[in-house]
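> Each step along the sequence shown adds one to the number in UniProt numbering, with nothing skipped, and position 209 is 209. For each residue, glycine too, the CB sits at the ideal point set by N, CA and C. Provided herewith is a single structure, encoded as structure tokens, for subsequent inquiry.
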Amino acid sequence: MRAIAHSVVSFLLSFSLSLPPAAEPPLDLSSLDLSAFSNLDPSIQAVNIHILAGTPPNPLNGNFDDEKCSPAQVTAIRNGIVDARNMATGAIALLKPKDMNKSNGFFWIFGGSTVDPAIITKHFSFVLRLGTADEITSTKKYENSKTDLIFTCIPPTAPKATSAYANTQNIGRQKSVLNLIRLSPTGLANTESYTIAAARVKTSGQIQDGFPVKQVGTLSVPAPPLAFTIVHEVQHADPLMDNPATDHLVDEKGGTGARAYGFQQIMHELSKDQKARNPQNYAFFGLLAASNPELFVPNCYIGDAPLSLAPLLIAGRLRMQTSLGPDTCHTTVPGACAACKKIIKGIPGDVKLPNFDPDST
Ligand SMILES: [Zn+2]
1 MRAIAHSVVS FLLSFSLSLP PAAEPPLDLS SLDLSAFSNL DPSIQAVNIH
51 ILAGTPPNPL NGNFDDEKCS PAQVTAIRNG IVDARNMATG AIALLKPKDM
101 NKSNGFFWIF GGSTVDPAII TKHFSFVLRL GTADEITSTK KYENSKTDLI
151 FTCIPPTAPK ATSAYANTQN IGRQKSVLNL IRLSPTGLAN TESYTIAAAR
201 VKTSGQIQDG FPVKQVGTLS VPAPPLAFTI VHEVQHADPL MDNPATDHLV
251 DEKGGTGARA YGFQQIMHEL SKDQKARNPQ NYAFFGLLAA SNPELFVPNC
301 YIGDAPLSLA PLLIAGRLRM QTSLGPDTCH TTVPGACAAC KKIIKGIPGD
351 VKLPNFDPDS T
């Protein structure tokens, strides 16, 4: 608890340090009710986590047992799971303060003050259910076991290796008999911690700096930190959910009919309800929680936008000139109002990530 409170203080301090010290009032943490964390006990692990390990057969057999992870990939996935849990913990801490949904940042990522942050928190809590993974060499004995989830590594020579970053499968959906989170060579291309990626975004102010371009075979692709991809895939993974019937998320489609995977897409092409149900919005929020927490300070909003029921209009999809109303930033956190003002029309920068995981079900 103390560590979490400390991390919240660190978030808040991390952007106020550059301001004149005379202007800084003491931080009031009384509104940070941390008691709800007792409901997010990560020791309750209803699912066993495995990594399919070994050397892919040559030639490939054309089944999931082809997707064996090398020792380096096993290590990357283990580290990625720990990193994703940390990302989720940071996101949950940032979502906790009362009225944080009245912030320009929350408006752009999750739709504004009519969206309950507790729902968003619940989806991040599913990431905390990823426990320590063991290594297995065959998927056979886990067929139709709803309490087992297996990470696999799609070989570079597999037909689908370059067509997606990842793919999640669930028992009972689309005739699958296994619960899988499958990572492709592009999904595994960036094994750095999300905190390193976030530090670059913080410095440059450009979201794309969290996604270094990697060469994978003949492809050059922006590569998210593995934690980003895992936070996304968990939103498709039934075994980690309270109630898969209502908690399972499917990638939402924007106005153009394409699934919203890019940063500008997830802010500007989705309705309020879609934003709260689009896995990629969670992944980007997890990264921004580390890089730019100042965008999510409670009561840090300008005009009516963060309170509005009509985000698409204000978001500029119709390119209308909309009055933003009076300057109504109510927070006293130093620097926060200025940060919110900068994102009245959205958070700048873009990374597109096409075909992130179009076949996840
Ligand atoms: Zn997805």
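1. Does the stretch 338-351 come close enough to the stretch 125-143 to have 3 or more Cβ pairs within less than 8 Å?
2. Drop a sphere of 10 angstroms on the beta-carbon of P311, count the other beta-carbons inside from all chains shown, and report buried for 16 or more, exposed for fewer.
3. When burial is assigned at 16 or more other CB atoms within 10 Å of the CB, is Q174 buried or exposed?
4. Can you check which of these residues, K342, T152, E135 and F106, is closest to L183 by C-alpha distance?
5. Drop a sphere of 10 angstroms on the beta-carbon of H123, count the other beta-carbons inside from all chains shown, and report buried for 16 or more, exposed for fewer.
6. Spell out the partners DSSP gives T168 in its beta bridges.
7. Indicate the three-state DSSP secondary structure (helix, strand or coil) for R129 in the structure shown.
8. Would you say V221 reaches chain B, if we count a Cβ-Cβ gap shorter than 7 Å as a contact?
9. What residues sit near ligand 1, counting only those whose C-beta is closer than 5 Å to one of its heavy atoms, in chain order?
10. Starting from the C-beta of T121, find all residues in its chain whose C-beta is less than 6 Å away, skip the five residues before and the five after it, and write them out in chain order.
11. When you compare only the Cα positions, how much space is there between I181 and K342?
12. Quick check: what's the CA-CA separation for K102 versus G111?
13. Does the stretch 150-165 come into contact with the stretch 59-67, if we say contact requires no fewer than three beta-carbon pairs (one atom in each stretch) closer than 8 Å?
14. With 16 other CB atoms within 10 Å as the buried threshold, where does D251 fall?
15. With burial defined as no fewer than 16 other Cβ atoms inside 10 Å of the residue's Cβ, what is the status of H330: buried or exposed?
16. Out of L249, N243, K275 and Y282, which has the shortest C-alpha to C-alpha gap to D255?
17. Excluding the five sequence neighbours on either side, which residues of its own chain have a C-beta within less than 7 Å of the C-beta of L60, listed in chain order?
18. Taking the DSSP output, what are the residues bridged to R259?
19. What alpha helix (DSSP H) runs, 4 residues minimum, are completely inside the stretch 58-115?
20. To the nearest angstrom, report how far apart A199 and Q206 are at their CA atoms.
21. How far does the beta strand (DSSP E) with P222 in it reach, from first residue to last?
22. Out of curiosity, what's the CA-to-CA distance linking A227 and S291?
23. Just curious, the beta strand (DSSP E) that E294 is in, first and last residue?
24. Roughly how many whole angstroms lie between the Cα atoms of E294 and T55?
25. If you measure between the beta carbons of P222 and V216, is that distance less than 7 Å?
26. Have a look at G187, D209 and T361 and flag the residue whose alpha-carbon is nearest the alpha-carbon of residue 383.
27. Pick helix, strand or coil for C340, following the three-state DSSP scheme.
28. Can you say whether N58 is buried or exposed, counting buried as having 16 or more other CB atoms within 10 angstroms of its CB?
According to the structure shown:
1. no
2. With a pLDDT of 46 at P311, under the threshold of 50, the predicted position of this residue should be treated as unreliable, and no value is reported.
3. exposed
4. T152
5. buried
6. I181
7. coil
8. Among the protein chains of the structure shown there is no chain B, as only one such chain exists.
9. D251, P279, D357 and S360
10. I92 and L95
11. 37 Å
12. 10 Å
13. yes
14. buried
15. exposed
16. It should be noted that the sequence gives Gly, not Asp, for residue 255. Answer by Cα proximity: K275.
17. D66, P155, T157 and A158
18. K253
19. 71-95 and 104-110
20. 11 Å
21. L219 to P222
22. 14 Å
23. First-last for E294: undefined, no H or E at that position.
24. 45 Å
25. no
26. This structure does not reach residue 383, given that the chain is present from 1 up to 361, and the question cannot be answered.
27. helix
28. exposed
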